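What follows is a set of notes on a single structure, which appears directly below.
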Amino acid sequence: MKISFTLNNKKVSIDTEPTKRLLDVLREDFKMMEVKESCGEGECGACTVLLDDKPVTSCLLNIIHVEGKKVFTSEGLSKKFLGKLLIDCFDETNAVQCGFCFPGFLVTSYHYLKTDGEANLEKIKVALSGNICRCTGYQKIFESVMLACLRNDSTGGKS
Ligand code: FES
Ligand code: FES
């Protein structure tokens, strides 16, 4: 079945099984290895991408549901102002250890900055509660996102 959608701002089409997971399409067909698989059950957030501007776990989504929609991976978001800002803040606070969880954290944090963006620790914790990190104690990740919120505020909130 032919499925067409927008991937990181580029129109793409693929002939595939309609039940193939978006995660597998991204990794196998588009070689987007930044989209990670850990639990494969929607629990860890490693495979998170934006679908029509909302974070979704790509391990739970069949490609047929992506027809005509807009997908952004962490790689695509890293080229946008807020994505770059987040990456700088993650670097500065040394929030990244093995890095496996970070593509998912980047996508979820980007969505928080776009839709709320308040430098409020409790809100940030709730926003990132679907993402699991096995290496860090989360504190530095929260600090990074807080820093990104403060910096974004001082620019007048670009995207
Ligand atoms: S791999 Fe998709 S949520 Fe864990
Ligand atoms: S930095 Fe290793 S899982 Fe998060």
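So that you can map any letter, position 67 of the sequence shown is 1119 in my numbering, and since no number is skipped, the others follow by simple counting. All C-beta atoms in this analysis are idealised placements derived from N, C-alpha and C, irrespective of residue type, glycine included. From a predicted model like this one, the values you see are computed outputs, not experimental measurements.
- Here the stretch 1130 to 1141 makes contact with the stretch 1194 to 1203; the two share three or more CB pairs at distances below 8 angstroms.
- Taking a cut-off of 8 angstroms on C-beta distances, the stretch 1063 to 1077 does not touch the stretch 1150 to 1166, as fewer than three cross pairs fall below it.
- Sixteen is the threshold: since fewer than 16 other Cβ atoms of the shown chains lie within 10 Å of the Cβ of Phe1133, the residue is exposed.
- Taking 8 angstroms as the upper bound for CB-CB distance, Ser1110 and Cys1099 are in contact here, some 5 angstroms apart.
- In its own chain, leaving out the 5 sequence neighbours on each side, no residue places its CB closer than 7 angstroms to the CB of Gln1191.
- Separation of Ile1115 and Ile1055 (C-alpha to C-alpha, rounded to the nearest whole angstrom) is 8 angstroms.
- The C-beta distance from Thr1068 to Asp1081 rounds to 7 angstroms, short enough to fall under 8 angstroms.
- Taking C-alpha positions only, Ile1184 is separated from Phe1157 by approximately 9 angstroms.
- Relative to ligand 2, the nearest heavy atom lies less than 7 angstroms away from the CB of Thr1188.
- Only residues of its own chain outside the window of five on either side were considered, and among them Lys1136, Ile1139, Leu1158 have a CB closer than 8 angstroms to the CB of Ser1130, listed in chain order.
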